[in-house]
Amino acid sequence: MNTFLELIYLLFFLLYCYLESIFRLVVPVKRKSVKGKIILVTGAGHGIGKEFALEFSRLGGILVLWDINKANNDATADEIREGGGTAYTYVCDVSKVDDIKRVSDQVYRDVGNVDILVNNAGILHGGELLKIKEEDIRRTFDINTMAHFWTLREFLPSMLERNEGHIITVASMAGKSGSAYLVDYSASKFAVFGMTEALSEELHHLHKDGIKTTTVCPMFVDTGLTKYPQGRFGKILSPKEVALEAIDGALKDHVVVMVPRSIQVSVIIGQLFPYRFRRTLKEFMGFGILPQYESSKSPDNKHTRDN
Ligand SMILES: NC(=O)c1ccc[n+]([C@@H]2O[C@H](COP(=O)([O-])OP(=O)(O)OC[C@H]3O[C@@H](n4cnc5c(N)ncnc54)[C@H](O)[C@@H]3O)[C@@H](O)[C@H]2O)c1
32 MNTFLELIYL LFFLLYCYLE SIFRLVVPVK RKSVKGKIIL VTGAGHGIGK
82 EFALEFSRLG GILVLWDINK ANNDATADEI REGGGTAYTY VCDVSKVDDI
132 KRVSDQVYRD VGNVDILVNN AGILHGGELL KIKEEDIRRT FDINTMAHFW
182 TLREFLPSML ERNEGHIITV ASMAGKSGSA YLVDYSASKF AVFGMTEALS
232 EELHHLHKDG IKTTTVCPMF VDTGLTKYPQ GRFGKILSPK EVALEAIDGA
282 LKDHVVVMVP RSIQVSVIIG QLFPYRFRRT LKEFMGFGIL PQYESSKSPD
332 NKHTRDN
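The working numbering puts the first residue of the sequence shown at 32, with every later residue one more than the last.
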């Protein structure tokens, strides 16, 4: 095909994509079924991960629950079983690559190939950058970012073989817009946002379009992770509404799900304006957190402001 014809084809295809997305606003795609699918959720013992697990079970999925906290993880499984669902529990510290490898092998033996991987486990220290200990910054990245690589390394190969699967990445709105006292956390979430977008591109290049990705970006959620969320407008979300929105989007193969959905409009519009405009608006809205990093954790070094 010569370049001119390719260009004509491209223009028509872009127009088609645009019209299709407008059409889809009016007539949404049907949700795909997860009945009998094996769904692994990390950080399933509390908060958003727990609600992911409960809802996926209500929809007929077989749940594989990972958490570092055995009691909480078992409690999620109990709730699932009381509701008539199936759940397998594993204690796994996702900050440890060896733990992920060992527990993944066990999952393959006990349950089988994972169809949907929900990389949800996350931590947040929330403090002035130079007051946060090196080990805490590393741990934030180990859990919020690196663990996604190691779980993918275990479960993506079987998805590639089948050209089927779904990877759900729980990022954050802090992975779209940086805020004070969230420097390490924001960086870890920007990283997984970019990682999932790049992975989606790579899967397309490899002709593995049967494997879908969804990145979830919630605002503040009432789980205790963010102790002092701030904001003049908008409410603190419940973990259940985040999980429901995320699952709804993922089952419609949405690539990004922002919660609440209305925030997506401000993000798109915000990109059209200069940086200072956005910052001023953000200040007016009062979005952010107050520091929550415990002073006992503060490093005793020359960078500490109090010194
Ligand atoms: N809460 C919010 O305001 C908010 C907003 C946006 C995004 N998020 C993201 O949502 C995800 C879930 O957050 P949440 O608010 O439900 O947190 P949460 O603290 O309520 O639950 C996190 C779960 O992960 C588990 N976990 C922690 N470290 C682990 C490890 N090393 N290995 C295995 N499990 C581990 C915890 O035991 C806990 O059960 C996180 O990735 C978080 O960054 C949260």
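Ideal Cβ placement from N, Cα and C applies to all residues, glycine included.
What runs of the alpha helix (DSSP H), each 4 residues or longer, lie entirely inside the segment 176 to 203?
The segment 176 to 203 contains these whole alpha helix (DSSP H) runs: 178 to 193.
Backbone CA spacing between R307 and L38 [nearest angstrom]:
37 angstroms
Tell me whether Q302 sits in a helix, a strand or coil according to DSSP, three-state version.
Looking at Q302 - three-state DSSP - the assignment turns out to be coil, as it is neither helix nor strand.
Check whether the Cβ of I242 lies closer than 7 angstroms to any heavy atom of ligand 1, and answer yes or no.
no
Compute the Euclidean distance between the alpha carbons of H156 and V128, then round it to the nearest angstrom.
Distance between the alpha carbons of H156 and V128 is about 21 angstroms.
Which of helix, strand or coil DSSP assigns to P249:
DSSP places P249 in strand when its eight states are reduced to three.
Determine which residues share a DSSP beta bridge with A118 and list them.
L94
K54 burial status per 10 Å Cβ neighbour count (16 or more: buried):
It is worth fixing the name first, because residue 54 is Phe in this sequence and not Lys. It is exposed - the Cβ of F54 has fewer than 16 other Cβ atoms within 10 Å.
To the nearest angstrom, how far is it from the Cα of Y47 to the Cα of I278?
27 angstroms
Reducing DSSP to helix, strand and coil, say where N100 ends up.
coil
Helix, strand or coil at Q261 according to DSSP, with G and I counted as helix
strand
Buried versus exposed call for N332 [16 or more other C-beta atoms within 10 Å across all chains shown]
Any reading at N332 needs caution, since the residue's pLDDT is 41, under 50, leaving its predicted position unreliable; the model's value is listed next. Its Cβ having fewer than 16 others within 10 Å, N332 is exposed.
Could you tell me whether the segment 180 to 190 touches the segment 287 to 304, where touching means 3 or more Cβ pairs closer than 8 angstroms?
Between the segment 180 to 190 and the segment 287 to 304 there are fewer than three C-beta pairs closer than 8 angstroms, too few to call the two in contact.
Rounded to the nearest angstrom, what separates P270 and L230 at their Cα positions?
Looking at the two C-alpha atoms, the distance is approximately 26 angstroms.
Quick check on H179: buried or exposed, where buried means 16 or more other Cβ atoms within 10 Å of its Cβ?
H179 is buried by the Cβ-count criterion.
Looking at the unbroken alpha helix (DSSP H) that takes in I131, where does it start and where does it end?
That run of the alpha helix (DSSP H) goes 128 to 141.
Which residues mark the beginning and the end of the beta strand (DSSP E) in which V149 is found?
147 to 150
Identified DSSP bridge partners for L71:
V95, L148
By Cβ distance below 7 angstroms, which residues in the same chain neighbour I174 in space, the five residues on each side in sequence not counted?
V125, S126, A152, G153, I154
Residue range of the beta strand (DSSP E) that includes V58:
Per DSSP, V58 belongs to no beta strand (DSSP E) and is neither H nor E.
Could you give the distance in angstroms between the alpha-carbon of E314 and the alpha-carbon of M204?
16 angstroms
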